[in-house]
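In UniProt numbering, the protein residues as written are 1 to 93.
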């Protein structure tokens, strides 16, 4: 009688261990899935923010180009004015 009881207990312990292992595996799988989902979400967010960032520099670049053009025009104007002033000074002399 005693031997039978021991065997039963051992079997129960084994069953419990197996159940625990299964539960652990399931939990791990769930965690992995959650992590993957989070990573995907982060990637999507990053992509969206990248697109927004690309729009801003394009306008900035356009503004820079405009400023450069303006500066070049101003330089040309200044050079022409200086040349005219020099000519006038030479004529006066």
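For glycine and all other residues, C-beta sits at the position ideal for the given N, C-alpha and C.
Leaving out the 5 sequence neighbours to the left and right, which residues in its chain are closer than 6 Å to residue i when beta-carbon positions are compared?
i	result
residue 39	none
Once the 5 residues before and after residue i are set aside, which same chain residues still bring their CB inside 7 Å of it?
i	result
residue 34	none
*Quick one: complete alpha helix (DSSP H) runs, 4+ long, within the UniProt domain "F-BAR" (1-93)?*
The UniProt domain "F-BAR" (1-93) contains, as complete alpha helix (DSSP H) runs of 4+ residues, the segments 2-92 (chain order).
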